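Residue numbers (my numbering), protein chains in the order written: chain A, 695 to 1066; chain B, 324 to 515. Backbone N, C-alpha and C fix where the C-beta goes; we use that ideal spot for every residue, glycine too. Note that this is a predicted model, so its numbers are computed, not measured. One structure below.
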């Protein structure tokens, strides 16, 4: 190395291999001690050893840095590929889960699943619908028969449904303004009866258009006609009077707890959002989707051809309209029950009156058997 | 709860791979020790970057010891790595404290302790050596790294780099080192 040329024969640091082995720790400890003793007396030798040490340390440092970089790269690569595998596994698990749920619904839940499929298919294949059909508050989620029974039981304090107790007479007295509308509705009973007769004729066509529903709910569908209520005929005051009188009955009932009037008041309030025990859901479709048999000469601007379907999930009204009314969170459909068999439906700005056939408002299919 | 036998067999497999020079063996150690060392660094005024550096440094220490045949298995590898990281961090903190003390009161104790100056000089010379190493060609760089850092024998280097025999490697190594010293001298002159 440097500075030892003139003392080559004296200083051991002249031997480059020896210096290298000394610095790298490859010498026996006894020899190291002897060489170290010489270093303490020789500044030139110390300098030579130090120069060698710096080179070796520098190379080792470079090696360490390179290993660190390679390690970081390996970890990064491993993580990248690992995440992908986890993601792939996660997606695969999700697909298997969804397929399993689908098979379960299809094969084990039967009619309900088929109805759900029908609804999904219907909504997705109705390009003319401008707004998403919105379920009214009580019909957001279709309850089971058990849930319906429990809800009715809890609403009436565990007693029998009050709407069965002398409901007709009480309501007549409570809402005299509503009777006018009810009378008009009664005039339309003939039309409804005609619809019922038409139903038989339409079975084949409905099976073609709605095969799942026809199969699942045969005998529980009805075509009815709703009346568009003009502004001057809207029984708003009648509705208010109805509610007011219902509250009056409730107040009266609070004085006489447990009497039928109390149950009636509870029922009157409940009817504002539902029809009997049944949650009610509303779907809008364009009139062009109306089955051909329902179109024949009976369309008018003052009536709404409506498919009424009754199931364990509740009562569904499918309205066939000239234009789809916007239904938003802020303007949900309002249902007012004017009489036991008559309701007024407020969809957007439009009010439509219906007469519901007896036996359709109180129970879901099969519920009467359970109660018996 | 994993049994001691699990760690023993896992550690043995990792050590075996390191002895064979398989750097992939460090990856599972990196992953399994990342969280404890991160927590330690954060608890001791460190950052996430410090923790990463500590972990890498500890794994390099393990690598060097095992490769040099100086590693003695006394505890689990994770214990060794954690203890090494703690030692490195303690040294750095002590060094930093000395630097701060010297910076705050240069006129006071005149504490230009050799360790501080040496550290600065060493780091500068090490930087120059690394720079010189990058300028002597890839083959020379690899050869010197294998000999001085990996501490492989001439035979092993010959096999790894495709030389005819150990003597050839020895001659080549001599040339490479002389080239390194020459470049280093130039860099030092330029630096000064």
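Can you tell which of A:1016, A:979, A:974, A:1004 has the C-alpha that lies nearest to the C-alpha of residue 1030 of chain A? Reading the first chain from its first residue, position 336 is the one you call residue 1030 of chain A. The shortest C-alpha separation from residue 1030 of chain A is found at A:974.
Between the alpha carbons of residue 722 of chain A and residue 506 of chain B, how many angstroms are there, rounded? Taking the first chain and counting its residues from 1, one reaches residue 722 of chain A at position 28. Taking the second chain and counting its residues from 1, one reaches residue 506 of chain B at position 183. Residue 722 of chain A and residue 506 of chain B: Cα-Cα distance of roughly 32 Å.
Is any beta-carbon of chain B found at less than 9 Å from that of residue 740 of chain A? Indexing the first chain from 1 puts residue 740 of chain A at position 46. Not one chain B Cβ lies under 9 Å of residue 740 of chain A.
Distance, residue 734 of chain A Cα to residue 456 of chain B Cα: For the purposes of this step, residue 456 of chain B is taken as residue 133 along the second chain, with counting starting at 1. For the purposes of this step, residue 734 of chain A is taken as residue 40 along the first chain, with counting starting at 1. Their Cα atoms are separated by approximately 31 Å.
Residue 472 of chain B touches chain A at which residues, Cβ-Cβ below 8 Å? Looking up residue 472 of chain B in the second chain gives position 149. Neighbours of residue 472 of chain B on chain A, chain order: 753, 754, 756, 757, 758.
Nearest-angstrom Cα distance between residue 1045 of chain A and residue 1010 of chain A? As a working note, residue 1045 of chain A is residue 351 in the first chain. As a working note, residue 1010 of chain A is residue 316 in the first chain. In a straight line, the C-alpha of residue 1045 of chain A is about 17 Å away from that of residue 1010 of chain A.
Would you decide whether residue 752 of chain A is buried or exposed? Buried here means 16 or more other CB atoms lie within 10 Å of its CB. On the first chain, position 58 is the one that residue 752 of chain A refers to. Flag for residue 752 of chain A reads buried.
Tell me whether residue 792 of chain A is buried or exposed, calling it buried when 16 or more other Cβ atoms sit within 10 Å of its Cβ. As a working note, residue 792 of chain A is residue 98 in the first chain. Label assigned to residue 792 of chain A: exposed.
Taking 9 Å as the CB-CB cut-off, is residue 749 of chain A touching chain B? Along the first chain, read from residue 1 onward, the residue named residue 749 of chain A stands at position 55. Look at residue 749 of chain A: its C-beta is under 9 Å from a C-beta on chain B.
What number of angstroms, rounded off, separates the C-alpha of residue 1017 of chain A from the C-alpha of residue 787 of chain A? In the first chain, residue 1017 of chain A corresponds to position 323, counting from 1. In the first chain, residue 787 of chain A corresponds to position 93, counting from 1. Approximately 44 Å, taken between the alpha carbons.
Would the beta-carbon of residue 1003 of chain A fall within 9 Å of that of residue 919 of chain A? As a position in the first chain, residue 1003 of chain A is number 309, starting the count at 1. As a position in the first chain, residue 919 of chain A is number 225, starting the count at 1. In this structure, residue 1003 of chain A sits away from residue 919 of chain A, with a CB-CB distance that is not shorter than 9 Å.
What separation, rounded to the nearest whole angstrom, lies between the Cα atoms of residue 494 of chain B and residue 487 of chain B? As a position in the second chain, residue 494 of chain B is number 171, starting the count at 1. As a position in the second chain, residue 487 of chain B is number 164, starting the count at 1. If I take the Cα positions, the gap works out to 12 Å.
Contact criterion: CB-CB distance below 9 Å. Does residue 765 of chain A meet it with respect to chain B? Taking the first chain and counting its residues from 1, the one referred to as residue 765 of chain A is at position 71. So, interface residue.
Residue 980 of chain A: first and last residue of the uninterrupted beta strand (DSSP E) it sits in: Numbered from 1 along the first chain, position 286 holds the residue referred to as residue 980 of chain A. Per DSSP, residue 980 of chain A belongs to the beta strand (DSSP E) from 974–980.
Cα-Cα separation, residue 1043 of chain A to residue 790 of chain A: Stepping through the first chain from its first residue, residue 1043 of chain A is reached at position 349. Stepping through the first chain from its first residue, residue 790 of chain A is reached at position 96. The alpha-carbon atoms of residue 1043 of chain A and residue 790 of chain A are separated by roughly 46 Å.
For chain A, find out if any of its Cβ atoms is closer than 9 Å to the Cβ of residue 427 of chain B; answer yes or no. For this step, residue 427 of chain B is matched to residue 104 along the second chain. With a pLDDT of only 46 at residue 427 of chain B, under the threshold of 50, the placement of this residue in the model should not be trusted, and no figure is reported.
Residue-level contact to chain B via CB, residue 731 of chain A, 9 Å cutoff: Position 37 of the first chain holds residue 731 of chain A. False, the Cβ-Cβ gap to chain B never drops below 9 Å.
Under the three-state reduction of DSSP, which class applies to residue 470 of chain B: helix, strand or coil? Reading the second chain from its first residue, position 147 is the one you call residue 470 of chain B. Helix, per DSSP.
Under the three-state reduction of DSSP, which class applies to residue 491 of chain B: helix, strand or coil? As a first step, residue 491 of chain B must be located in the second chain, where it is residue number 168. Reduced to three states, the DSSP call for residue 491 of chain B is helix.
Here's the rule: buried if 16 or more other CB atoms are within 10 angstroms of the residue's CB, otherwise exposed. What is residue 800 of chain A? Residue mapping note: residue 800 of chain A aligns to position 106 of the first chain, counting from 1. Its Cβ having fewer than 16 others within 10 Å, residue 800 of chain A is exposed.
Name the chain B residues that come within less than 9 Å of residue 769 of chain A, Cβ to Cβ? For this step, residue 769 of chain A is matched to residue 75 along the first chain. Within chain B, the residues near residue 769 of chain A are 349, 350, 353, 354, 357.
What number of angstroms, rounded off, separates the C-alpha of residue 470 of chain B from the C-alpha of residue 785 of chain A? Stepping through the second chain from its first residue, residue 470 of chain B is reached at position 147. Stepping through the first chain from its first residue, residue 785 of chain A is reached at position 91. Cα to Cα, the separation comes out at about 49 Å.
Mind pulling the chain A residues with CB within less than 8 Å of residue 412 of chain B? Locating residue 412 of chain B in the second chain gives position 89, where the first residue counts as 1. Ordered by position in chain A, no residue passes the 8 Å Cβ test against residue 412 of chain B, which lies about 16 Å from the chain.
Residues of chain A with a CB under 8 Å from the CB of residue 475 of chain B: which are they? As a first step, residue 475 of chain B must be located in the second chain, where it is residue number 152. The contacting residues do not exist; residue 475 of chain B stays about 12 Å from chain A at best.
State the DSSP-derived secondary structure class of residue 737 of chain A, mapped to helix, strand or coil. On the first chain, residue 737 of chain A is found 43 positions in, with the first residue counted as 1. Residue 737 of chain A falls in the helix class under three-state DSSP.
Residues of chain A with CB under 7 Å from residue 448 of chain B, in chain order? Working through the second chain from its first residue, we reach residue 448 of chain B at position 125. Simply 748, 752.
Per-residue burial, residue 497 of chain B [other beta carbons within 10 Å of its own, 16 or more giving buried]: Stepping through the second chain from its first residue, residue 497 of chain B is reached at position 174. That one is exposed.
Look at residue 360 of chain B and residue 396 of chain B and say whether their C-beta atoms are less than 9 Å apart. Your numbering for residue 360 of chain B matches position 37 in the second chain. Your numbering for residue 396 of chain B matches position 73 in the second chain. No.
What are the start and end residues of the beta strand (DSSP E) that includes residue 387 of chain B? Locating residue 387 of chain B in the second chain gives position 64, counting from the first residue. Here residue 387 of chain B belongs to no beta strand (DSSP E); instead the alpha helix (DSSP H) covers 371–390.
How would you list, in chain order, the residues of chain B whose beta-carbon sits under 7 Å from the beta-carbon of residue 721 of chain A? In the first chain, counting from the first residue as 1, residue 721 of chain A sits at position 27. The premise fails here: residue 721 of chain A is roughly 14 Å from chain B at the closest Cβ pair, so nothing lies under 7 Å.
Answer with yes or no whether the minimum CB distance from residue 762 of chain A to chain B is below 9 Å. What you label residue 762 of chain A is simply residue 68 of the first chain in a count that begins at 1. With 9 Å as the cut-off, residue 762 of chain A counts as an interface residue toward chain B.
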